[in-house]
Amino acid sequence: MISRFPFRMDALVAFAVAFGLGCAGGMASAGGAIIVQSTTSTANSGLYDHLLPLFAARTDMRVNVVAVGTGQAIRNARNCDGDVLLVHAKGAEEEFVADGAGLWRQDLMYNDFVIVGPASDPAAIAGLSDVREALAQIADSGARFASRGDDSGTHKKEVALWAAAGLDPQQASGTWYLETGSGMGATLNTAIGMGAYTMTDRATWISFANKQDFAVAVEGDDALFNQYGVIPVNPEVCPSVNAQAAQRFAEWLLSAEGQAAIAAYRVQDQQLFFPNAGAKLSDKN
Amino acid sequence: MQGMAESLSLAGALVLAADPDLLQIVALSLYVSLSATVIALCLGLPLGALLAIGKFRGRGGVIVAVNALMGLPPVVVGLIVYLYLSRSGPLGFLGLLYTPTAMIIAQTLLITPIIAALSRQVLEDLHLEYAEQFRSFCLTRRQTIQALLWDGRYALMTVGLAGFGRAIAEVGAVIIVGGNIDHLTRVMTTSIALETSKGDLPLALALGIVLLVIALGVNAAVHSLRLSAVRQAYA
Amino acid sequence: MRDAALPLLDTLADAMPANRPIVPLEVAGLTVRRDGRALLDGLELSLGAHGVTAIMGPNGAGKSLLLRCLHGLVTPDAGAMSWNGLAPEAARHRQALVFQKPVLLRRSVAANVDFVLKARGADLARRAVLLEHVGLLAKAGQPARLLSGGEAQRLALARALATGPDVLLLDEPTASLDPASTQMIEEILKSVALHGVRVLIVTHDAHQARRIADDVVFVSKGRVVEHSPATDFFPKPGTALARAYLEGAIIP
């Protein structure tokens, strides 16, 4: 018994490695699987759970979604760890394409950002439609504001809005300005836990389950427009990319059928994303 | 505490309904963490045994280093594995990123130091008792290590359990290298993180309770094995 | 009892290497110091090729340490040991040492014997003969560490014999054992000695030494004070020290 022990261990290692690789190989060879590097709002709000079965009905390829912040999604795609990029930070997206990392970029859909806050509304911003004014009031009152602080699309947008309001909340970092460095959900949980305002995309907010006494305080400003874009990763830069499948998925999203499917997705009787592929809305952003 | 009660009943409902998605997630969690534990045992036990009986220069330094590596943050391990397995990394050609294999690799790296450090302690104590008798039998180093591993098997089960517990509970490494892809790399902990970020705290907690029950089951099984071994003075 | 040790001794003869004997033993100036104190102090000893030697002496005389030196487990600070030309380390695989407290593996009785047989590349079929001989065949499947003290020491002896030794070293093997186990061990020692195994046994038990020893080495303060045939030693010890020891041991 004892003399067989080490060989049994060797066999186990071989088994584990072979099993692991076999499993991985099986997954990879499933006739054209692609990885979508995505922002979290589309995943957390359940959009992919709605879209992917519709897409799967027309094709045998598998779509795997990795949901991270826009900043990290773009970095992962730059490392060739994705076939399609679906994010919401137009400047960074255009840079991605200009650098040659992406084939092309198309507007896919939009919704808007909102500022949510506690019912007590310490900065008295509820009902304002001018987001710059609201931010200025928050800064003046010293009411807490939770920022993503993670280089995500939402964070980039928020930073731009503070700048547009002529304010630098970084100076108050750690006092009333709280940078969570986390995803939207975690930041919402933090904001709600601390009674702080925060900015979120509407889709995440509507599908967020832990709202407690929080509600939308500021909405409707054109500056809160939130554009999502789709980019197939350039196979000349990343040879590992499944270019055909990636283009097929991206083009399906932009097609009449894909756009209709996006429009049809509703949570709590509200439409979360508004398709605008090909629409000339860039002046609005 | 109302939330806790809600989560408990939700956890019960999830299990009773045998939800196929939940079952798949549980199965993948067990597959990944058990595989990582088995591989880490294969790597960590011989290392621990060598450290326990070996006499070589720098042994003390290696022991301190291995002990320190027990505190390795999962997210750091995940990051390192990501950098290697990324398509732009040195092992990118393997195409392993965002697969269960990548998660197994990350968890293996995470818990191998734990198994090596704890097994070294167990085996060193055992060797203290056996050393003179083994020298009298003129055993080779290989025979000594085999005998120590076999005779320490029940104590080493607890070591394996410590590694498994760490693996199945961690989220930082698997979420980076696995990507939390639905039906592919989603495990218990990444599901809990996801439901938390969706604000569905009762569901997140219910999944946590299911995870806890699984961990309890594994621990109870090992414990009863060990108990019968203790009765035979084999442990 | 158990006169016919023939099956056992067959197994021993098979296991014994056919190369030259490792006795006689010559020890000269053997010295072991610990913390500036000489535990063995220039010990001198010559042992012939045959028989059972009892090593006796008061506590702390260095008897156990001497056995460990002869077995190559302790490296002396000075002196020379020669097992018919071999250093103790080189002779160790042809010796077996039975410790005062048996160190049994956390396995069954049978597996404890198998462990040694396998390590020596010997035939596992010998296990039954060995266990039969120490009266443990019926307990072969039991956990070794649940054996009584006497049974445990008998298993340790069976394991030692499983190595097929030319020399058998025993460190107070029957201290605090039941009479039956003691008797069984003594019978086995006598019979293996008859068949050519050189036996060295450390013991405090003068009765035991009288029963089994051919010669007695009396050690005190790390030196051999007296070495004489048992038939001379017990009736009239040659030194006052030995006489006092024997009287002290005999009179409770």
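Protein chains in written order, with our numbering: chain A, 568 to 852; chain B, 447 to 681; chain C, 28 to 279. Heads up, the beta-carbon is just placed ideally off N, CA and C, and yes, glycines get one too. No experiment lies behind these values; they were computed from the predicted model shown.
At a beta-carbon threshold of 7 Å, none of the residues of chain C lie near residue 632/B; the nearest stands roughly 42 Å away.
For the segment 153-178 of chain C, the set of positions with a beta-carbon nearer than 9 Å to some beta-carbon of chain B reads 169, 170, 171, 172 and 173 in chain order.
Residue 843/A and residue 677/A do touch by the CB rule: their CB atoms are close to 5 Å apart, below 8 Å. Leaving aside the five residues that flank residue 777/A on each side, the residues in its chain whose CB is nearer than 8 Å to its CB run, in chain order, 755, 756 and 759.
Runs of the alpha helix (DSSP H) lying entirely within the segment 721-782 of chain A, each at least 4 residues long, are 751-761 and 769-774 in chain order. A contact between stretches requires three or more CB pairs, one per stretch, nearer than 8 Å, and the segment 510-524 of chain B fails this requirement with the segment 613-630 of chain A.
About 56 Å separates the beta carbons of residue 611/A and residue 501/B, which is beyond the 8 Å limit, so they are not a contact pair.
By the criterion of a C-beta distance shorter than 7 Å, residue 819/A is surrounded in its chain by 622 and 825, once the five residues flanking it on both sides are discounted.
Within the model, the alpha-carbon separation for residue 746/A versus residue 553/B is close to 30 Å. When the alpha-carbon of residue 660/B is set against those of 633/B, 531/B and 588/B, the nearest one is in 633/B. Note that the C-beta distance between residue 158/C and residue 130/C is not below 8 Å.
In this structure, the CA atom of residue 716/A is about 7 Å from the CA atom of residue 749/A.
Taking 8 Å as the cut-off, the beta carbon of residue 694/A is found no closer than this to the beta carbon of residue 781/A. Within the same chain, and ignoring the five residues on either side of residue 612/B in sequence, the residues whose Cβ sits closer than 7 Å to its Cβ are 556, 557 and 560. Residue 681/B and residue 603/B have their C-alpha atoms some 10 Å from each other.
Counting along the chain, the unbroken alpha helix (DSSP H) around residue 651/B starts and ends at 647-677. Residue 602/A places its beta carbon 8 Å or farther from that of residue 635/A. Under the three-pair Cβ rule at 8 Å, the segment 582-602 of chain B counts as touching the segment 132-146 of chain C.
Under the DSSP assignment, residue 581/B falls in the alpha helix (DSSP H) whose first and last residues are 546-582.
A direct Cα-to-Cα measurement between residue 75/C and residue 101/C gives close to 23 Å. Distance from the CA of residue 677/B to the CA of residue 232/C, rounded to the nearest whole angstrom, comes to 35 Å. Look at the segment 753-770 of chain A: the residues with a C-beta under 7 Å from a C-beta of chain B are 753, 755 and 756.
Annotation: residue 656/B to residue 653/A spans about 33 Å, alpha carbon to alpha carbon. Under the three-state reduction of DSSP, residue 680/A is assigned to strand. DSSP lists 654/A and 674/A as the bridge partner or partners of residue 796/A.
Residue 495/B counts as buried, since no fewer than 16 other beta carbons sit within 10 angstroms of its beta carbon. When only Cα atoms are considered, residue 647/B and residue 475/B end up about 20 Å apart. The contact set of residue 597/B on chain C, defined by CB atoms closer than 9 Å, consists of 132, 133 and 134 in chain order. Put simply, the CB of residue 460/B is far from chain A, with every gap to its CB atoms at 8 Å or more. Scanning 170/C, 175/C and 184/C for the CA closest to the CA of residue 156/C turns up 184/C.
The straight-line gap separating the alpha-carbon atoms of residue 652/B and residue 146/C is approximately 53 Å. With at least 16 other beta carbons inside 10 angstroms of its own, residue 649/A counts as buried. Per DSSP, the continuous beta strand (DSSP E) segment holding residue 108/C begins and ends at 105-110. In this structure, residue 247/C sits away from residue 138/C, with a CB-CB distance that is not shorter than 8 Å. Contact note: residue 513/B does not reach chain A at a C-beta cutoff of 7 Å; the least C-beta distance is about 23 Å.
DSSP, reduced to helix, strand and coil, places residue 614/A within a helical segment of the structure shown.
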